[in-house]
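Enquirer: The listed protein sequences derive, respectively, from chains A and B. Oh and the first sequence: position 202 is 986 in the numbering used here, straight run, nothing missing. Oh and the second sequence: position 103 is 887 in the numbering used here, straight run, nothing missing. What follows is a single structure, and I will ask about it in a moment.
There are 2 protein chains.
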Amino acid sequence: MSEIAELGEFGLIRHLTEDIELKNESSRKGVGDDCAVLAPQAGMHTLVTTDMLMEGVHFDLTYVPMHYLGYKAVIENLSDIYAMNGRPRQITVSLALSKRFSVEDIDQLYTGMRQACEEHGVDIVGGDTTSSLTGLAISITAIGEARPEDIVYRNGAKDTDLICVSGNLGAAYMGLQLLEREKMVYNQQLAAAQRSGNKREMEYLNTMQPDFAGREYILQRQLKPQARRDIVEALAQAGIHPTSMMDISDGLSSELLHICTQSHTGCRIYEERLPLDYQTAAMAEELNMNVTTCALNGGEDYELLFTVPLSDNERIQQIEDVHLIGYITKEELGHALICRDGVEMELKAQGWNPLKKD
Amino acid sequence: MSEIAELGEFGLIRHLTEDIELKNESSRKGVGDDCAVLAPQAGMHTLVTTDMLMEGVHFDLTYVPMHYLGYKAVIENLSDIYAMNGRPRQITVSLALSKRFSVEDIDQLYTGMRQACEEHGVDIVGGDTTSSLTGLAISITAIGEARPEDIVYRNGAKDTDLICVSGNLGAAYMGLQLLEREKMVYNQQLAAAQRSGNKREMEYLNTMQPDFAGREYILQRQLKPQARRDIVEALAQAGIHPTSMMDISDGLSSELLHICTQSHTGCRIYEERLPLDYQTAAMAEELNMNVTTCALNGGEDYELLFTVPLSDNERIQQIEDVHLIGYITKEELGHALICRDGVEMELKAQGWNPLKKD
Chain A
785 MSEIAELGEF
795 GLIRHLTEDI
805 ELKNESSRKG
815 VGDDCAVLAP
825 QAGMHTLVTT
835 DMLMEGVHFD
845 LTYVPMHYLG
855 YKAVIENLSD
865 IYAMNGRPRQ
875 ITVSLALSKR
885 FSVEDIDQLY
895 TGMRQACEEH
905 GVDIVGGDTT
915 SSLTGLAISI
925 TAIGEARPED
935 IVYRNGAKDT
945 DLICVSGNLG
955 AAYMGLQLLE
965 REKMVYNQQL
975 AAAQRSGNKR
985 EMEYLNTMQP
995 DFAGREYILQ
1005 RQLKPQARRD
1015 IVEALAQAGI
1025 HPTSMMDISD
1035 GLSSELLHIC
1045 TQSHTGCRIY
1055 EERLPLDYQT
1065 AAMAEELNMN
1075 VTTCALNGGE
1085 DYELLFTVPL
1095 SDNERIQQIE
1105 DVHLIGYITK
1115 EELGHALICR
1125 DGVEMELKAQ
1135 GWNPLKKD
Chain B
785 MSEIAELGEF
795 GLIRHLTEDI
805 ELKNESSRKG
815 VGDDCAVLAP
825 QAGMHTLVTT
835 DMLMEGVHFD
845 LTYVPMHYLG
855 YKAVIENLSD
865 IYAMNGRPRQ
875 ITVSLALSKR
885 FSVEDIDQLY
895 TGMRQACEEH
905 GVDIVGGDTT
915 SSLTGLAISI
925 TAIGEARPED
935 IVYRNGAKDT
945 DLICVSGNLG
955 AAYMGLQLLE
965 REKMVYNQQL
975 AAAQRSGNKR
985 EMEYLNTMQP
995 DFAGREYILQ
1005 RQLKPQARRD
1015 IVEALAQAGI
1025 HPTSMMDISD
1035 GLSSELLHIC
1045 TQSHTGCRIY
1055 EERLPLDYQT
1065 AAMAEELNMN
1075 VTTCALNGGE
1085 DYELLFTVPL
1095 SDNERIQQIE
1105 DVHLIGYITK
1115 EELGHALICR
1125 DGVEMELKAQ
1135 GWNPLKKD
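Structure below.
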């Protein structure tokens, strides 16, 4: 393993970025000066979003491989660009690293980041690399573009609009639960082996891989989520302009309430319409959790939540992997979840809150 | 003191940003959606820079007040935009906070950030606010604009160009040394009082303020540095287009070597020409440090280092607070510092490296 200190800041940046080729016409100057230089296309608006990920809060390196972490960190930001109906073009990457990380670790992280960038035609044009006293911090800023008339905000939903979500919900959250459970079991077994001084058992535990057969999908949703460019492109191709849109990072309930608050509307969504994968349901059952709660409040789906005028009903149903889950109402009608048994409940935001009280 | 957990992520963001008014024509949508939306002026290029600051590595909250920290964090990024000969327009601010910070702390931090933004006509258009297990992390991305033909890179310096710096050098570094010394003295006195159980002394130490009379300038340079918009404007007004430029954040030597490397040139600079403030020299003397070393390698000056064609010699000397320190040479002549006694030394980068080995 190579120590980062041997390379120093500039050496590490050179090592990580020297073979980056800029692919976008708008990326005029990447890493290597005081700023990156971009040439926006005439008439286009620029979209900017940024996310900060802290070790121990947003990710747990005991079960998240570095290249998945890098991939996901980029995808989360690109997802925000798609959620405005834009196209991502550039990112900057800032890393703060404690001494326990090697050059190889950071290479892995960058491999994942570059894979995500390549899949989405995005250039890494800058960043900052520094040290931290504890753990890893990742801050990514993504820059995209869109024609002004194409941009979709959160505040345009109208009474009678249809509420749509892409893909399915709650799977990433179930993947997280599975990983957390395996970690706990492993730690208990290891502690027991250590207490009894059973070296053979300790060695066995060190090499053991948990059996995730049949759960690959929920793990993948947690570790390697996708940003739904395909949906944004399908909507454009179908000539559908959503009235509001955002990506689901903190759970459907929380996001739908953002749209309703900003659009001054109510909503009615139907439990039976919430798209679920079989593995999500099976895992919830096994963990004795309510799968609807998981679908409503589990975060990190990175699916798109959007509204379209009622007149787009037929066209929207032609688009693969888009699901109608309800409709927008007048504000005074509130935010309702209609359960399978017909009971009406108030929708509440119980999504993930990184600043919540313990 | 108010706990951040009581507000939660969205509450804190609302609290910090609800009264922000966007002032730039190009800032179309700020905080509150998946992305900020900017409308670049036709024909302008976009400049992007980002910095990550970690508690314990880049700042020490035992002597840095939160509002100064906020101010400086913004200034560092704006300085990078000016260093491209651009004008800053927007920033995004990401914060990761441990539980020891109160809402009032973050208000102070934001007060400093907003002051810097107001002074430079910059809008806060987005960001991310989250928690950290330990300490404070700040990641800022600044966005600026420039006409393509006005942008100044690091790689344009030519043989015989004059090397110029604004302001003076080493003062911020001397300010840091002073603060570090006072902290050490205070900690020693406190430890002694604790050992002897002298409560009165401990109380006295708690209220005591060190006497910084006569050192205000170097403290200000460390705590509240300025980004040199005035120099960029003066150059434009004088019709001077630098052939290369960057800001001095890691020390003059390190930055000048970046320019020479990227421009494939050598340089000759003169010790007697290095601009120094009286307080910098006095503090170096008191600490038994070589003031030239401080001027060459002390970081955080945020002055501009640039080169201009020899034909601009007279015009550049008309600009206030710009100093000629030497000239660019052919690459094979190397990087020389001519000392006061006429001895020639090789210029080496010994600036601050956050990833260096202990």
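Idealized CB from N, CA, C, for every residue including glycine. Here the structure is a predicted model, which means the values were calculated and not measured.
With which residues is residue 874 of chain A paired in a DSSP beta bridge?
Expert: Per DSSP, the beta-bridge partners of residue 874 of chain A are A/907 and A/927.
Enquirer: Are any of the Cβ atoms in chain A nearer than 8 angstroms to that of residue 1035 of chain B?
Expert: Residue 1035 of chain B does not count as touching chain A.
Enquirer: Determine the chain A residues that contact residue 822 of chain B at a beta-carbon separation under 7 angstroms, and present them in chain order.
Expert: 829, 830 and 832
Enquirer: Could you pull out every unbroken alpha helix (DSSP H) segment of at least 4 residues lying fully inside the stretch 1012-1046 of chain A, listed in chain order?
Expert: Within the stretch 1012-1046 of chain A, the complete alpha helix (DSSP H) runs of at least 4 residues are 1013-1021.
Enquirer: Consult DSSP for residue 1141 of chain B and reduce its assignment to one of helix, strand or coil.
Expert: Its pLDDT being 49, under 50, residue 1141 of chain B is placed unreliably in this model, and the value from its coordinates should be taken loosely. Residue state, collapsed to three classes: coil.
Enquirer: In whole angstroms, give me the CA-to-CA distance for residue 1142 of chain A and residue 1129 of chain A.
Expert: Any reading at residue 1142 of chain A needs caution, since the residue's pLDDT is 43, under 50, leaving its predicted position unreliable; the model's value is listed next. Those two C-alpha atoms are separated by around 26 angstroms.
Enquirer: In chain B, which residues lie with their C-beta within 8 angstroms of the C-beta of residue 1051 of chain A?
Expert: Within chain B, no residue comes near residue 1051 of chain A; the closest Cβ sits about 18 angstroms away, beyond 8 angstroms.
Enquirer: Chain A beta carbons: is any one of them nearer than 8 angstroms to that of residue 1141 of chain B?
Expert: Low per-residue confidence applies at residue 1141 of chain B: pLDDT is 49, beneath 50, and the placement is therefore not dependable, though the value from the model is reported in the following sentence. So yes, residue 1141 of chain B belongs to the interface.
Enquirer: To which residues of the same chain is residue 852 of chain B closer than 7 angstroms at the C-beta, ignoring the five residues directly before and after it?
Expert: 896, 1007 and 1008
Enquirer: Roughly how many whole angstroms lie between the Cα atoms of residue 1045 of chain A and residue 1034 of chain A?
Expert: Pairing residue 1045 of chain A with residue 1034 of chain A, the inter-Cα distance amounts to about 16 angstroms.
Enquirer: Go to residue 857 of chain B, then tell me how far its alpha helix (DSSP H) extends in each direction, as first and last residue.
Expert: From DSSP, the alpha helix (DSSP H) with residue 857 of chain B extends over 850-866.
Enquirer: Strictly below 9 angstroms CB to CB, what residues from chain B border residue 1086 of chain A?
Expert: Those within 9 angstroms of residue 1086 of chain A in chain B number zero; the least Cβ separation is about 11 angstroms.
Enquirer: Any beta-carbon of chain B closer than 8 angstroms to the one on residue 911 of chain A?
Expert: yes
Enquirer: Would the stretch 944-961 of chain A count as touching the stretch 907-925 of chain A if we require 3 or more Cβ pairs under 8 angstroms?
Expert: no
Enquirer: Would residue 887 of chain B count as contacting chain A if we go by Cβ distances under 8 angstroms?
Expert: Look at residue 887 of chain B: its C-beta is not under 8 angstroms from any C-beta on chain A.
Enquirer: Taking a contact to mean a Cβ-Cβ separation below 8 angstroms, would you say residue 874 of chain A touches residue 822 of chain A in this structure?
Expert: Cβ distance < 8 angstroms, so residue 874 of chain A and residue 822 of chain A count as in contact.
Enquirer: Would residue 1005 of chain B be called buried (16 or more neighbouring beta carbons within 10 Å of its own) or exposed?
Expert: buried
Enquirer: At a Cβ threshold of 8 angstroms, is residue 921 of chain B touching chain A?
Expert: Closer than 8 angstroms to some Cβ of chain A, the Cβ of residue 921 of chain B qualifies, so yes.
Enquirer: Determine the DSSP secondary structure at residue 1110 of chain A, reduced to helix, strand or coil.
Expert: Look at residue 1110 of chain A here: in three-state DSSP terms it is strand.
Enquirer: Taking beta-carbon pairs under 9 angstroms, can you tell me which members of the stretch 828-862 of chain B lie near chain A?
Expert: 828, 829, 830, 831, 832, 833, 834, 835, 836, 837, 838, 839, 840, 841 and 842
Enquirer: Kindly indicate which three-state DSSP category residue 813 of chain B falls into: helix, strand or coil?
Expert: strand
Enquirer: Compare the C-beta of residue 937 of chain A against all C-beta atoms of chain B and say whether one is closer than 8 angstroms.
Expert: yes
Enquirer: Nearest-angstrom Cα distance between residue 1055 of chain B and residue 1087 of chain B?
Expert: 17 angstroms
Enquirer: Run down chain B in chain order and give the residues with a C-beta less than 7 angstroms from the C-beta of residue 880 of chain A.
Expert: 836, 838 and 921
Enquirer: Starting from residue 1054 of chain A and walking both ways along the beta strand (DSSP E), at which residues does that stretch end?
Expert: 1049-1054
Enquirer: My assumption, with CB atoms under 8 angstroms, is that residue 1026 of chain B sits in contact with residue 869 of chain B. Please give the rounded CB distance.
Expert: Residue 869 of chain B and residue 1026 of chain B do touch by the CB rule: their CB atoms are close to 7 angstroms apart, below 8 angstroms.
Enquirer: Taking all protein chains shown into account, do 16 or more other C-beta atoms lie within 10 angstroms of the C-beta of residue 1036 of chain B, making it buried, or fewer, making it exposed?
Expert: buried
Enquirer: Under the assumption that residue 941 of chain B contacts residue 1038 of chain B (Cβ atoms under 8 angstroms), give the Cβ distance between them as a whole number of angstroms.
Expert: About 15 angstroms separates the two Cβ atoms, so there is no contact after all.
Enquirer: Taking 8 angstroms as the threshold (C-beta atoms), are residue 806 of chain A and residue 850 of chain A in contact?
Expert: no
Enquirer: Can you name the start and end residues of the alpha helix (DSSP H) that residue 969 of chain A belongs to?
Expert: 955-980
Enquirer: Kindly identify the DSSP beta-bridge partner or partners of residue 828 of chain B.
Expert: According to DSSP, which records beta bridges pairwise, residue 828 of chain B is partnered with nothing at all.
Enquirer: By DSSP, does residue 885 of chain B sit in helix, in strand, or in coil?
Expert: Residue 885 of chain B falls in the coil class under three-state DSSP.
Enquirer: Return the CA-CA distance between residue 1107 of chain A and residue 953 of chain A, expressed in angstroms with no decimal places.
Expert: 11 angstroms
Enquirer: Enumerate in chain order the residues of its own chain whose CB-to-CB distance from residue 1048 of chain A is below 7 angstroms, with the five nearest sequence positions on each side excluded.
Expert: 1115
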